[in-house]
Amino acid sequence: MSIYKTQSGREMSLKLYDAQLNKLDCSCKDVYVHTRFGRTHIIETGNLSGEPLLVFHGGNSTTAYNLLMYRFLLKDFHIYAVDIIGHPGKSDEVSLSPKNYDYGKWASDVIIGLGFDKIACFGVSFGGGVLAKLMCIAPEKIEKSVLIVPSGINNAFPISTVKMMIPLLKYKLTKIEKYIKETALFMALKEEVLDKDTLDMVKDSFDHVKTKVGMPSNVNERLMQQCKAPTLIMAGEKDCLFPARKVLPRAKRIIPNNTVHMLKGCGHMHMLPEREKKMIVDFLKE
Numbered sequence: 284m285s286i287y288k289t290q291s292g293r294e295m296s297l298k299l300y301d302a303q304l305n306k307l308d309c310s311c312k313d314v315y316v317h318t319r320f321g322r323t324h325i326i327e328t329g330n331l332s333g334e335p336l337l338v339f340h341g342g343n344s345t346t347a348y349n350l351l352m353y354r355f356l357l358k359d360f361h362i363y364a365v366d367i368i369g370h371p372g373k374s375d376e377v378s379l380s381p382k383n384y385d386y387g388k389w390a391s392d393v394i395i396g397l398g399f400d401k402i403a404c405f406g407v408s409f410g411g412g413v414l415a416k417l418m419c420i421a422p423e424k425i426e427k428s429v430l431i432v433p434s435g436i437n438n439a440f441p442i443s444t445v446k447m448m449i450p451l452l453k454y455k456l457t458k459i460e461k462y463i464k465e466t467a468l469f470m471a472l473k474e475e476v477l478d479k480d481t482l483d484m485v486k487d488s489f490d491h492v493k494t495k496v497g498m499p500s501n502v503n504e505r506l507m508q509q510c511k512a513p514t515l516i517m518a519g520e521k522d523c524l525f526p527a528r529k530v531l532p533r534a535k536r537i538i539p540n541n542t543v544h545m546l547k548g549c550g551h552m553h554m555l556p557e558r559e560k561k562m563i564v565d566f567l568k569e
């Protein structure tokens, strides 16, 4: 069962993936590992003499786009940026349930496939939820964790997210591109966040991908408390999906070795300020 609407849509989506990857201006190597759920594709890039870092991208998005958004990591870390299975990219088109711990088991298999006993991990949005599931399933495989605007800690799907569907429906009916921007603004809040790469990714997702609405469900407190690895959690003050006021208090309660930080004034889609970039790099290098 394809995760794309059409075969030509798949080709266009992968074309954008490659184009965005090329913008990194950094050498990239394709790595494939086998997991119990299917073959998984990983981009190996960044500073090959730096500390290894396994990176999980957001949902209905790609690892290529995610690397563009968090390219500041490339200077210091040996990046393994994984295509989440069942999402746009070059991994097998096998959809896992966001409600159980399959994503955690899959991520654990990826670490084994890469030949690591343990590794530092970085997850954004849906990818933060995948990482949270991994922390529950295989805490011994995690050196450190950074979760940015993560699902899986304390998800909120308020009525306001339903409003987002109105411009999305208008776009689907008319294909007028201003409605893409209107839809994305519910998550970004500020127009300057919506650069060309972001709008290209959002348009590609709406046009060619069978959108997944289910986010990784909230993790079990008892399972999470087994993960003693240092963990940095950043959540957006105005995030309509995973607001800081919900995410950070539960993260403090259920994650033993935590550092929490609110991204002031930020929605779900954001541009990290330099201060927060430095905080992430310093945390991972400690």
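For the sequence shown, our numbering begins at 284 and goes up steadily by one. Where is the CB? At the ideal position from N, CA and C, for every residue including glycine.
Item                                                                                                                                                                           : Value
Count the other C-beta atoms from every protein chain shown that fall within 10 angstroms of the C-beta of Val407, then say buried if there are 16 or more, exposed otherwise. : buried
For Lys357 versus Asp483, is the C-beta distance shorter than 8 Å?                                                                                                             : Checking the sequence shown, residue 357 turns out to be Leu, not Lys. No, the Cβ-Cβ distance between Leu357 and Asp483 is not below 8 Å.
By the three-class DSSP mapping on this structure, what secondary structure does Asn349 have?                                                                                  : helix
Taking the C-alpha atoms as reference points, what is the distance between Asn540 and Gln290?                                                                                  : 45 Å
For the alpha helix (DSSP H) holding Ala467, just list the boundary residues, first then last.                                                                                 : 461-471
Measuring straight from C-alpha to C-alpha, what distance separates Ser374 and Gly341?                                                                                         : 15 Å
Taking the alpha carbon of Pro499 as the reference point, which residue from Met448, Thr514, Ala415 has its own alpha carbon closest?                                          : Ala415
So Phe566 and Val429 are supposed to be a Cβ contact under 8 Å. How far apart are they, rounded?                                                                               : 7 Å
Roughly how many angstroms separate the alpha carbons of Asn383 and Ala467, rounded to a whole number?                                                                         : 28 Å
Where DSSP assigns a beta bridge to Leu477, which residues make up the other side?                                                                                             : Paired residues: none, contrary to the question.
With Leu368 as the anchor, note down where its alpha helix (DSSP H) starts and where it stops.                                                                                 : Per the sequence presented here, residue 368 reads as Ile, with Leu not at that position. Per DSSP, Ile368 belongs to no alpha helix (DSSP H) and is neither H nor E.
Output the distance between the C-alpha atoms of Phe320 and Ile286, rounded to the nearest integer angstrom.                                                                   : 15 Å
For Gly292, which of helix, strand or coil comes out of DSSP?                                                                                                                  : helix
Going by DSSP in three states, Met552 sits in which element: helix, strand or coil?                                                                                            : coil
Exposed or buried, what is Thr514 when buried is set at 16 or more other beta-carbons lying within 10 Å of its beta-carbon?                                                    : buried
Taking 8 Å as the cut-off, does the region 378-398 touch the region 519-528 (at least 3 CB pairs, one atom from each stretch)?                                                 : no
I'd like to know whether the C-beta atoms of Ile394 and Leu451 end up nearer to each other than 8 Å.                                                                           : no
For Ile402, write down the residues that DSSP places opposite it in a beta bridge.                                                                                             : Ile425
Using a threshold of 8 Å, state whether the C-beta atoms of Gly292 and His553 are closer than that.                                                                            : no
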